[in-house]
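Chains as they are written, first to last, in my numbering: chain C, 2 to 287; chain E, 145 to 561; chain Z, 3 to 389.
These notes concern the structure reproduced below.
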Amino acid sequence: MKARRRKKLAGTKSGRQSASPGSGSDLAAQLRRVAAGGVRVVDLTQTLSPDFPPIVLPPEMGQCRPFRMETISRYDDSGPGWYWSNLSFGEHTGTHFDAPIHWISGRDRPNNALDTLPSEHFMAPACVIDASAQARADADFLLTVDHIKAWERRHGRIPAGAWVLMRTDWSKRSDPVAYQNLDETGQHTPGPDPDCVRFLVRERDVLGFGTETIGTDAGQAAHFAPPYPCHYYMHGAGKYGLQCLCNLDRLPPTGALVVAAPLKILEGSGSPLRVFALVPEPAAAR
Amino acid sequence: MAEPSQRPKRKNPIIRTQQPTLPPPARSRVALGLTAAAARGRLELQVCQDCGAVQYPPREVCRNCLSHRLVWRPQDGRGELLTETVLRAAQELFFRERLPWRVGMVRLDAGANVVAYLHDNVGPAPCRVRVEAALDRAGQAVLVAVPENGRPLLSDDPKLREMTCDPRLRKILVTDGKSALGQATVRALAAAGADLIWVGQAEPWKRVAGFETLLALPQASVVPLDLTDGRSVRELAGEIGGKVDIVVNTADCHRTFGIAARRGVETAQLEMDVNYFGLLRLAQEFAPALKARAADGAASAIAWVNVLSIFALASYPAHGTYSASKAAALSLSQTLRAELRPAGVRMINLFPGPIDDEWDQLELPPKLSPGAVASAIVEALKGSVEDVYPGDVAQDWLARHLDNSKALERELAEGSR
Amino acid sequence: MARAAYDDVVLAVPVTVPYVRYSIRGAHWFLGRALAQLLAAAKIPKARVDGLAVASFTLAPDTAVGLTQHLGVTVRWLDHVPMGGASGIVSIRRAARAVQSGDAEIVACIAGDTNHTDSFRRNTATFSQFAQDAVYPYGSGGPNASFAFLTAYYMRTYGARRDDFGKLCVAQRNNALKNPVALFKKELTLDRYLNARLIADPLRLFDCVMPCAGAEAFLVMQRQTAERFDLRYARLLGAIERHNAFPDDPVQYRGGWAFDCDELYRQSGIGPQDIDFLEAYDDYPVINVLQFEDLGFCAKGNGPDFIRANTFETDGTFPLNTSGGQLSVGQAGAAGGHLGIVEALRQLTGQTLGARVTGARHGLASGFGMINYDRGLCSGAVVLAAA
Numbered sequence: 002m003k004a005r006r007r008k009k010l011a012g013t014k015s016g017r018q019s020a021s022p023g024s025g026s027d028l029a030a031q032l033r034r035v036a037a038g039g040v041r042v043v044d045l046t047q048t049l050s051p052d053f054p055p056i057v058l059p060p061e062m063g064q065c066r067p068f069r070m071e072t073i074s075r076y077d078d079s080g081p082g083w084y085w086s087n088l089s090f091g092e093h094t095g096t097h098f099d100a101p102i103h104w105i106s107g108r109d110r111p112n113n114a115l116d117t118l119p120s121e122h123f124m125a126p127a128c129v130i131d132a133s134a135q136a137r138a139d140a141d142f143l144l145t146v147d148h149i150k151a152w153e154r155r156h157g158r159i160p161a162g163a164w165v166l167m168r169t170d171w172s173k174r175s176d177p178v179a180y181q182n183l184d185e186t187g188q189h190t191p192g193p194d195p196d197c198v199r200f201l202v203r204e205r206d207v208l209g210f211g212t213e214t215i216g217t218d219a220g221q222a223a224h225f226a227p228p229y230p231c232h233y234y235m236h237g238a239g240k241y242g243l244q245c246l247c248n249l250d251r252l253p254p255t256g257a258l259v260v261a262a263p264l265k266i267l268e269g270s271g272s273p274l275r276v277f278a279l280v281p282e283p284a285a286a287r
Numbered sequence: 145m146a147e148p149s150q151r152p153k154r155k156n157p158i159i160r161t162q163q164p165t166l167p168p169p170a171r172s173r174v175a176l177g178l179t180a181a182a183a184r185g186r187l188e189l190q191v192c193q194d195c196g197a198v199q200y201p202p203r204e205v206c207r208n209c210l211s212h213r214l215v216w217r218p219q220d221g222r223g224e225l226l227t228e229t230v231l232r233a234a235q236e237l238f239f240r241e242r243l244p245w246r247v248g249m250v251r252l253d254a255g256a257n258v259v260a261y262l263h264d265n266v267g268p269a270p271c272r273v274r275v276e277a278a279l280d281r282a283g284q285a286v287l288v289a290v291p292e293n294g295r296p297l298l299s300d301d302p303k304l305r306e307m308t309c310d311p312r313l314r315k316i317l318v319t320d321g322k323s324a325l326g327q328a329t330v331r332a333l334a335a336a337g338a339d340l341i342w343v344g345q346a347e348p349w350k351r352v353a354g355f356e357t358l359l360a361l362p363q364a365s366v367v368p369l370d371l372t373d374g375r376s377v378r379e380l381a382g383e384i385g386g387k388v389d390i391v392v393n394t395a396d397c398h399r400t401f402g403i404a405a406r407r408g409v410e411t412a413q414l415e416m417d418v419n420y421f422g423l424l425r426l427a428q429e430f431a432p433a434l435k436a437r438a439a440d441g442a443a444s445a446i447a448w449v450n451v452l453s454i455f456a457l458a459s460y461p462a463h464g465t466y467s468a469s470k471a472a473a474l475s476l477s478q479t480l481r482a483e484l485r486p487a488g489v490r491m492i493n494l495f496p497g498p499i500d501d502e503w504d505q506l507e508l509p510p511k512l513s514p515g516a517v518a519s520a521i522v523e524a525l526k527g528s529v530e531d532v533y534p535g536d537v538a539q540d541w542l543a544r545h546l547d548n549s550k551a552l553e554r555e556l557a558e559g560s561r
Numbered sequence: 003m004a005r006a007a008y009d010d011v012v013l014a015v016p017v018t019v020p021y022v023r024y025s026i027r028g029a030h031w032f033l034g035r036a037l038a039q040l041l042a043a044a045k046i047p048k049a050r051v052d053g054l055a056v057a058s059f060t061l062a063p064d065t066a067v068g069l070t071q072h073l074g075v076t077v078r079w080l081d082h083v084p085m086g087g088a089s090g091i092v093s094i095r096r097a098a099r100a101v102q103s104g105d106a107e108i109v110a111c112i113a114g115d116t117n118h119t120d121s122f123r124r125n126t127a128t129f130s131q132f133a134q135d136a137v138y139p140y141g142s143g144g145p146n147a148s149f150a151f152l153t154a155y156y157m158r159t160y161g162a163r164r165d166d167f168g169k170l171c172v173a174q175r176n177n178a179l180k181n182p183v184a185l186f187k188k189e190l191t192l193d194r195y196l197n198a199r200l201i202a203d204p205l206r207l208f209d210c211v212m213p214c215a216g217a218e219a220f221l222v223m224q225r226q227t228a229e230r231f232d233l234r235y236a237r238l239l240g241a242i243e244r245h246n247a248f249p250d251d252p253v254q255y256r257g258g259w260a261f262d263c264d265e266l267y268r269q270s271g272i273g274p275q276d277i278d279f280l281e282a283y284d285d286y287p288v289i290n291v292l293q294f295e296d297l298g299f300c301a302k303g304n305g306p307d308f309i310r311a312n313t314f315e316t317d318g319t320f321p322l323n324t325s326g327g328q329l330s331v332g333q334a335g336a337a338g339g340h341l342g343i344v345e346a347l348r349q350l351t352g353q354t355l356g357a358r359v360t361g362a363r364h365g366l367a368s369g370f371g372m373i374n375y376d377r378g379l380c381s382g383a384v385v386l387a388a389a
C-alpha cells in the first residue's frame with residue numbers, strides 16, 4: 002500500500018518539473034529545442050575500457066569483473082571484413098546503475114530489478130551538489146544534512162523523484178591509483194553520511210543518489226552505522242544509484258534532465274550504461 | 145680455460161638478426177629415457193634387472209643377457225676419459241656456427257662407453273672425469289664430462305653456456321613482481337646478475353609491503369601488466385617484447401575452494417583467467433618475440449619459466465579449482481614448450497608445494513618460503529633442466545605420483561568433505 | 003669343424019664406373035652402368051647372370067630387390083649387403099658358396115653410390131640408431147669424430163706419429179698418380195700432408211677420404227665357367243668375416259681380423275710372407291695400421307715400426323693400395339670396400355689401369371665398415387691368387 006502510493010507520488014511530482022517531459026506537446030517542444038541547439042547534451046559516462054578501475058572487495062569475497070574485451074576478428078583471417086569483440090564485465094563495472102535488488106535491504110521491493118524498473122524513471126531532473134572543494138581537501142569528506150540544507154537555501158527544495166548528484170571532481174583523477182585511493186586502511190573517497198541519506202530518502206523522496214567515485218557510499222562506509230548507508234537506505238526504499246559519473250562540473254545546480262536507462266537484464270542488479278544530461282542553454286548563449 | 149661471461153656489446157641494428165638453428169633433435173624413443181632424467185637434472189642410465197649390466201647407448205634389450213627388464217637408474221657418472229678430439233668441421237649449421245667443439249669418449253666405472261662434451265676445465269686424455277646430463281638447445285639430453293673433483297658451472301664454459309639459461313647480464317620480465325613470490329624472484333634475479341628486470345604489476349592501486357623498496361633496486365623497472373587483459377599484455381609486448389631474454393611467469397591467482405565450498409563459477413573463472421588464460425595471452429604476445437631473438441648473439445632470448453604448482457600434477461581437493469587451473473596451465477605449457485622448441489628457447493616449469501603465503505596459511509609445514517622458490521627459479525636458469533620440484537612436499541608428491549598416481553589421488557582425497 | 007675350402011671359386015671381370023665428385027644421377031644409374039660394363043667386358047648376355055649381390059647407401063627406397071626390376075634381371079640368388087666397406091668381402095663369401103653349391107652360376111657383385119651436395123650429411127645423420135642417439139648430437143662430426151678418437155688413442159698408446167700416417171698417404175698418392183681413374187691428380191708431399199687443414203684433431207684433410215659418386219663390380223663363378231667364357235680370373239683361396247668383434251675393448255685398437263687371421267691363412271694354405279700386395283680398407287690411415295697388425299704382417303702395436311721399415315708404392319717393399327686406395331682415388335660410398343677387391347683382381351689378371359706389382363701371385367684384399375657407435379663393426383678379408 003505504502004509502496005504503491007510512493008510510486009504514484011513520484012510520477013505526479015515529476016510531471017510538475019519545468020524541464021521534464023510531461024504531456025506530448027511538451028515533449029515535442031523539448032525535442033524541437035534539442036534539434037535547434039537549444040539544449041546541450043552532456044555525456045556523464047566514463048569510457049568502458051580495461052584500464053578503468055573496478056571495485057575491489059576483500060579477496061575472500063566474489064569479485065566484480067573489470068571490463069575486458071576479447072577481439073573476435075579485426076579485418077583478419079578470423080573475419081576479413083569486420084571487427085567485433087566479446088565483452089566481459091560485472092553488472093557494476095564502470096559508469097553504472099544500481100537497482101534496489103542489488104542490496105539485501107531492497108531484495109523484496111516490487112519492481113526492483115533492471116527488467117522490472119518503471120521506464121518512466123529513466124528520465125529525471127537532477128540536483129547537482131558541488132562538494133568539489135571539500136573533496137579536494139579531504140578524500141574522506143562526508144556530505145551531511147547541513148550541506149543539503151545549505152544547498153537548498155540557494156537553489157530551492159530538492160523535488161521528489163529527482164536525482165541527487167554529488168559533484169566532487171573525483172572523475173578528473175585519471176590515474177587509477179589516485180582514483181581508487183587505497184591504503185592500508187582501505188579506500189578513501191567522499192560520499193554521504195548516514196543522516197544525509199536518511200534525509201534524502203525520507204524527507205525528500207529522491208529518485209536516487211549519484212557520485213563520481215567508485216561507489217555511492219564513501220570509501221570508508223564499511224565502518225558506518227549501518228555499513229554502506231547509501232546502498233542500505235536508498236535500495237531499501239526502492240531507490241537507485243549511479244556511480245563513476247563524470248562531467249558533473251558541466252551541469253547547473255538545477256535544471257538538467259538526466260537520462261539513465263540501464264540494460265534490461267533478467268533479474269539484473271545493475272549495469273554499465275550510457276548516462277547523459279540534457280541542459281537547456283540560456284537564451285543569451287545561443 | 146673457462147671464463148665467465150662478459151656484458152655483451154650493443155647490437156648493430158642494421159645487420160640482419162641471426163636465425164636460430166638447433167643441434168640434431170632426433171632421438172629414438174628408448175633414448176628419451178635419458179632426456180626424461182636430464183629434464184630433472186639427473187644422469188640416469190639403463191641397468192639390466194637380471195644381470196646388472198649398464199647399457200649405453202640406450203637399448204631395448206640387455207646387450208649382455210638379452211633381458212628386456214631394463215630400468216633407468218641414477219648414476220654418479222665417474223669414469224676415465226680415454227680419448228678426445230677437437231672438431232674443426234661440422235655438417236650441421238648449429239655446430240658450424242660454433243666451431244670448434246671438444247668431445248671425448250669416457251669409460252664409465254659403471255661399465256659403459258659414452259661420447260660426451262668436454263668441459264673446458266677437463267685436462268687432456270687420459271684423466272679421471274665425472275659425466276653429467278644436460279639439455280642441449282634442442283631440449284634433448286646430452287652428456288658433459290667435467291673434472292672428477294669440483295663442480296664447475298656449465299655457464300663458465302663459453303660453449304656449454306648455451307645449455308644453460310644463465311640470468312647473468314640478461315633482461316628479464318617477471319610478470320607479477322608485486323606478490324611475495326614475485327618480489328623474492330626479482331631480488332634473486334638481481335643478485336644473480338640480471339641486467340634489467342621488468343617488474344610487472346596488475347593493480348597499481350594496491351599497496352603491498354616491500355614493493356616500494358623493491359623498485360629502488362637499480363635493475364628494477366616497474367611496468368603495467370595484467371594477464372587478464374589482452375590489451376595490457378599486447379601493449380607491454382609491443383613496448384619491451386623485442387628486448388626480453390627471459391620471461392618468468394609468477395602471476396598466480398590462488399583461492400582455497402573445492403566444488404561444494406563455493407557457489408557459482410566466478411572464483412574459479414578468476415583463477416583460470418590468471419593461471420591459464422593469462423599464460424595463453426602472455427604466450428601469444430611474447431613467444432614470437434622471444435623466438436625471433438633466440439640466436440641474437442650473447443644477449444639472446446633463451447628461456448621461459450612458469451611457476452606452476454605440485455597441485456598441477458595431482459589435484460588437491462581443498463584447493464580443487466586452483467589445482468584444475470594449474471593443471472590447465474601445465475597442459476598449455478607443454479604446447480608452449482613445443483612451439484618454443486624450434487627456436488631453441490627453453491621452457492622450465494616449477495612445481496612447488498605449498499608456499500608460506502596467505503593462501504596456504506592453513507597448510508601444515510613444511511612450506512616453502514617465497515625466497516626458496518625464487519632460489520629454485522635462479523638455480524633452474526643457471527642449470528640445464530626443465531622440470532623442477534622444489535621443496536620436500538613437491539618431492540614427496542612427485543615420488544608418490546610416479547609410484548602410483550591412483551594411490552596419491554586417494555591419499556589427497558582423505559579429509560575432503 | 004674345419005671350414006670347407008673354396009675349391010674352384012674364381013673372381014673375374016674387374017669393372018670401375020669412373021668416379022665424379024657430384025652427380026645428378028641416382029644410385030641406380032651407377033649400378034646399372036656397372037652391370038652393363040660387366041656384361042660388355044665379359045661378353046655374357048644379361049640372362050646368364052643368375053645371381054646378384056648389391057651394396058649401396060643411396061639406393062633407398064630401393065634395395066637389391068627393386069634393382070632387379072629396374073635393371074631387368076631375373077635371378078635365382080639375390081643378396082643386399084648393408085655392411086659398408088666390408089660388403090665386398092661379404093659378397094664374395096656369400097657368392098662363393100652359392101656358385102660352389104650350384105645355387106647360382108654367375109653372380110654379379112656390384113656396389114655403387116651417387117653423391118649429391120647434401121648426401122654425406124643426410125647419410126651420416128641417420129647412419130644408425132646409436133649414432134643418432136649418442137654420437138651425432140655431439141658436434142655432428144660423423145665418422146671423422148669417431149676415427150679421430152681411434153687415431154688419438156692409437157698414437158698415444160703405441161707411439162705412432164703423424165709422419166708415420168703421412169708416409170702411407172704419400173705412398174698411396176704416388177700409386178694414384180699412375181691411375182687415370184683416380185680423382186686426385188696432384189702430388190702429395192709429406193709437408194703438405196702434415197700442414198693440411200685440421201678436421202678433427204689429430205686428423206687433417208688428407209687423413210679423410212673424399213666422398214664421391216661411382217661404382218665397382220666383378221663376377222664370381224666357378225673356374226670352369228670362367229674358362230668356358232674365356233675370362234681371365236683370380237682364384238679365391240680364403241675368406242673371413244667377423245662382426246661386432248671384441249665388444250669389451252674400451253677403444254677399438256684391433257679389428258675383427260685379429261679374431262680370424264690365423265683361419266684365413268690356414269684356409270688359404272699360405273702365410274703373410276707370401277702376400278705380394280695388400281689392398282687394405284683405408285677410410286683413415288690408422289685403419290691401415292690396424293690391418294697391418296691384425297692381418298699378421300706385424301705384431302700388435304708394432305705398426306709404427308713396420309711403417310718406418312717399409313715402402314708402400316707398387317714397387318716398394320710392401321705394396322699397399324696399389325691404385326691409390328680410397329684416400330687418393332675417392333670413396334664412392336659402399337663401393338669403397340669393392341675398390342680394393344677390383345684392384346686386386348686387376349693386379350692378378352694383368353689388367354691394371356695404373357702401375358703393376360711385378361710378379362704378383364697372391365694378394366690380400368680387406369674390408370671394414372659400419373661405425374655404428376664407437377667402433378667399426380664389420381670386418382673381413384680375402385686371399386686371392388693368380389690363375
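We treat Cβ as the ideally placed atom computed from N, Cα and C, and that holds for glycine.
N-terminal and C-terminal residue of the beta strand (DSSP E) that residue i is part of
i	result
residue 242/Z	235 to 245
residue 228/E	222 to 231
residue 85/C	80 to 89
residue 495/E	Note, residue 495/E: premise wrong, no beta strand (DSSP E); not H, not E.
residue 263/Z	Note, residue 263/Z: premise wrong, no beta strand (DSSP E); alpha helix (DSSP H) at 259 to 270.
Length of the line joining the Cα atoms of residue i and residue j
i	j	result
residue 81/Z	residue 55/Z	5 Å
residue 283/E	residue 363/E	30 Å
residue 150/E	residue 406/E	54 Å
residue 392/E	residue 494/E	11 Å
residue 201/C	residue 167/C	12 Å
residue 447/E	residue 54/C	33 Å
From the options, residue whose alpha carbon lies closest to that of residue i
i	options	result
residue 422/E	198/E, 451/E, 553/E, 303/E	451/E
residue 9/Z	128/Z, 163/Z, 140/Z, 224/Z	224/Z
residue 281/E	164/E, 257/E, 272/E, 294/E	164/E
Boundaries (first-last residue) of the alpha helix (DSSP H) holding residue i
i	result
residue 2/Z	Outside the displayed span of chain Z (3 to 389) sits residue 2/Z, for which this structure offers no information.
residue 156/C	146 to 156
Handout entry: Secondary structure, beta strand (DSSP E): runs of 3+ residues fully inside the region 168 to 194 of chain E
Key = For the region 168 to 194 of chain E, whole beta strand (DSSP E) runs of length 3 or above, ordered along the chain, are 188 to 192.
Problem - chain E contacts made by the region 149 to 166 of chain Z, where a contact means CB separation under 8 Å - result: Of all residues in the region 149 to 166 of chain Z, only 150, 151, 152, 154, 155, 158 come within less than 8 Å of chain E when Cβ atoms are compared, listed by chain position.
Exercise for the section: Using a Cβ-Cβ cut-off of less than 7 Å, give me the residues of the region 153 to 176 of chain E that come near chain Z, in sequence order. Expected result: Using a CB distance below 7 Å, the part of the region 153 to 176 of chain E facing chain Z consists of 167, 168, 170, 171, 172, 175, ordered along the chain.
Practice task
Could you please tell me which residues of the region 46 to 61 of chain C, in chain order, have their CB closer than 7 Å to any CB of chain E?
Solution key: Along the region 46 to 61 of chain C, the positions whose C-beta sits under 7 Å from a C-beta of chain E are 51, 54, read in chain order.
Exercise for the section: Anything in the region 240 to 263 of chain E with a Cβ closer than 8 Å to a Cβ of chain Z? List those residues in chain order, please. Expected result: Residues passing the 8 Å Cβ filter: 245, 247, 248, 249, 251, 257, 258, 259, 260, 261.
Practice task
Compile a chain-ordered list of the residues in the region 364 to 376 of chain Z whose CB is closer than 8 Å to at least one CB of chain E.
Solution key: Identification of residues in the region 364 to 376 of chain Z having a C-beta nearer than 8 Å to some C-beta of chain E yields 375, 376, given in sequence order.
Handout entry: Members of the region 411 to 431 of chain E that neighbour chain C once the beta carbon cut-off is set at 9 Å
Key = Those would be 411, 413, 414, 417, in chain order.
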